[in-house]
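**Q** Sharing a structure below in structure tokens format, with a few things to ask.
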Amino acid sequence: MKRFCLIALMALAAAGALACEPDVETFVRELPVVDLHNDRSFFLTARGIPWPDCRRTQVCRDRYAAGRQRYFFSLFRPPLPLAAGRFGLSRRQVGWLNEISHFAYLKRAIADLKRATGLAVSRDPEDLSGARNVLFLGVEGAFLLDRGQKPGPGELEAMARELRGLGVSYVGLVWSNPNPYAGVAGEAAGLTPLGRRLVRILIRNGLLVDLSHA
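In the working numbering, the protein residues as written are 921 to 1134.
What follows is the structure, given as structure tokens:
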């Protein structure tokens, strides 16, 4: 019903003929608002800002519990090697980030979110309505599908299955950097042959393909 009403609102707004129930104000107020790329995971795991801290981040324990907005926590870190001072990282933080593989970092970030928030991970679209507080997860950049060596199709399949098992909902093909799978916005390059294979793997494992930055 809500989807139908939203389509009707979009179609009839210009004509001023809004005949949808409930009334427009109530309808809009009750619509779930979803942020698909929230960076709070990076602030928690990479920068060490605790979940209750509301001073240095926009998303924290109390605001998340009280708000109706839902977030996909974007599992991300920049390409390696990292340097101290970039992205607000200290020398100590850069030290361990440069030592841990991308995929190991993803698993660490998921574990940190679950531990810090005490919330379960969900892949159920019904939970986007805000009926309960849960975690939605996405990976921002397929370059993070890397255990420390160049992954082949079999390894990509294994990582996709593992991400699905950990509750991840989507994988973005790129961040701001081109990678072995695809180019980024502003470049002529699109999917590489390996990227086409990755898309098939992600779909086969029930993971959405995020085209942000592409």
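For each residue, glycine too, the CB sits at the ideal point set by N, CA and C.
Any idea if C980 is buried or exposed, counting beta-carbon neighbours within 10 angstroms, 16 or more meaning buried?
**A** Flag for C980 reads buried.
**Q** Within a Cβ cutoff of 7 Å, which residues of the same chain sit near P999, ignoring the five residues on either side of it in sequence?
**A** Around P999: F1063 and N1097.
**Q** Quick check: the Cα distance between R1011 and G1005, rounded to an integer number of angstroms?
**A** Going by the C-alpha atoms only, they are around 8 Å apart.
**Q** Tell me which residue opens and which closes the alpha helix (DSSP H) that V948 is part of.
**A** V944 to E950 is the extent of the alpha helix (DSSP H) around V948.
**Q** Quick one: Cα of L1065 to Cα of R983, how far?
**A** Rounded to whole angstroms, L1065 to R983 spans 31 Å at the Cα level.
**Q** Identify every run of the beta strand (DSSP E) within the stretch 1028-1075, keeping only runs that are complete inside it and at least 3 residues long; order them along the chain.
**A** DSSP runs (the beta strand (DSSP E)) wholly in the stretch 1028-1075: 1056-1060.
**Q** Grouping DSSP H, G and I as helix and E and B as strand, with all else coil, what is R990?
**A** Three-state DSSP puts R990 in a strand.
**Q** Is F1056 near the ligand ZN, judged by its Cβ being under 7 Å from some heavy atom?
**A** Ligands displayed in this structure: none; no statement on the ligand ZN is therefore possible.
**Q** Please report the distance separating the alpha-carbon of A1108 from that of R1116.
**A** Looking at the two C-alpha atoms, the distance is approximately 16 Å.
**Q** How big is the Cα-Cα spacing for K1027 and F947?
**A** The straight-line gap from Cα to Cα measures roughly 38 Å.
**Q** Mind checking P1071: buried by the 16 CB within 10 Å criterion, or exposed?
**A** With 16 or more Cβ atoms within 10 Å of its Cβ, P1071 is classed as buried.
**Q** Given 8 Å as the limit, is there contact between the stretch 983-998 and the stretch 945-960, that is, 3 or more CB pairs closer than that?
**A** With the cut-off at 8 Å, the stretch 983-998 and the stretch 945-960 touch.
**Q** Taking the DSSP output, what are the residues bridged to Y1090?
**A** DSSP, once it has assigned bridges, lists G1058 and L1128 as partnering Y1090.
**Q** What residue range is occupied by the uninterrupted beta strand (DSSP E) comprising L1002?
**A** L1002 -> no beta strand (DSSP E), and no H or E assigned at all.
**Q** Please identify the residue among L1131, N1125, S1132 and L1076 whose C-alpha is closest to the C-alpha of L1114.
**A** For the residues L1131, N1125, S1132 and L1076, the minimum Cα distance to L1114 belongs to L1076.
**Q** From which residue to which residue does the alpha helix (DSSP H) around L1009 run?
**A** First-last for L1009: undefined, no H or E at that position.
**Q** By alpha-carbon positions, which one of N1099, R976 and W1095 ends up nearest to D1130?
**A** Closest by alpha carbon: W1095.
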